[in-house]
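Residue numbering for the sequence shown follows numbering that gives the first Met the number 0, starting at 0 and increasing by one per position. For glycine and all other residues, C-beta sits at the position ideal for the given N, C-alpha and C. Reviewing the structure listed below.
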Amino acid sequence: MKIVVEKGQRVFFTSDTHYNHTNICRGVSEWDGSRGTRDFDTLSHMNSVIVNKTNEVVGENDILIHLGDWSFGGFESISNFRNQLVCQNIHLILGNHDHHIQNNKEDIQDIFTSVHQYCYLTIVEQAKSKGEPAMKHRFILSHFPIASWQDMGQGVMHLHGHVHLPKGRRVGPGKMMDVGVDGNELAPVPLNEVLAIMKKQPIKSMFHFDHHEI
């Protein structure tokens, strides 16, 4: 997939919003203990914070790329969450809990700009001034973290969700990053922040030796 960023547009990444997910909300969860839950007393409060934090940073004409586990609580929650977001350009990478969207129940995929299981994404940013080249950024997008990925040795970055890593652990051993809301103060992460972090990261996989690092 290729996205050309128009003048005035911004790109954001997010994942694992788990909108309307009872058990991830500490005040109403049936899970034992607080591990893996969010510190909210009510489900409605958690939902409103996720919606508001998204709308505070992502504008109507911006681009939001969501890396899966969109919502819980039944089929209606999918469109309920989508209808509260002002952004008109939302691309979804399917997560392991996005069954209704994957099966395209009642053509639900139509509420998104695109839906993918996995995506090799090229983002093209137009030159900021005359004579400068356009900037191209390449990513492998997957809900699940990958140990080694396509064109890793060429500096292609890997963004994922699924594992709900805290902020101090959201960056992997190489150019990979968990963009899930739990490690990003429940808000989407802007492209420029991702690029700044990844610029400092070496080309490295999870394996002790991987010839793609060379």
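Report the three-state DSSP secondary structure of residue i (helix, strand or coil).
i, result
"R137", "strand"
"V178", "coil"
"V48", "helix"
"S78", "helix"
"I145", "coil"
"S33", "coil"
"V188", "strand"
Based on DSSP bridge pairs, tell me the residues matched to residue i.
i, result
"K1", "T121"
"L158", "L140 and M176"
Nearest to residue i by alpha carbon, out of the options?
i, options, result
"T13", "G182, V85 and M197", "G182"
"F80", "V178, D150, G173 and Y18", "Y18"
"L66", "V10, Q125, Q101 and G160", "G160"
"H44", "S33, H136, H20 and V10", "H20"
Measuring straight from C-alpha to C-alpha, what distance separates residue i and residue j?
i, j, result
"V299", "H157", "In the structure displayed, the chain extends from 0 to 213; residue 299 sits before or after that span and is not available."
"D61", "E184", "20 Å"
"Q149", "Y119", "9 Å"
"I202", "I110", "36 Å"
"E124", "G35", "37 Å"
"E29", "V48", "21 Å"
"H96", "A195", "30 Å"
Might you give, ordered along the chain, the residues of its own chain that have their beta carbon closer than 8 Å to the beta carbon of residue i, omitting 5 neighbours on each side?
i, result
"H99", "F74, I77 and I107"
"L84", "V50, T53, N54, V57 and L63"
Output needed for residue i: all residues of its chain with C-beta closer than 6 Å, excluding positions within five of it in sequence on either side, in chain order.
i, result
"D38", "R25"
"D209", "S147"
Would you say the beta carbon of residue i is closer than 7 Å to some non-hydrogen atom of the ligand HEM?
i, result
"R25", "For the structure depicted, the ligand HEM is absent and the ligand set is empty, with no information on it obtainable."
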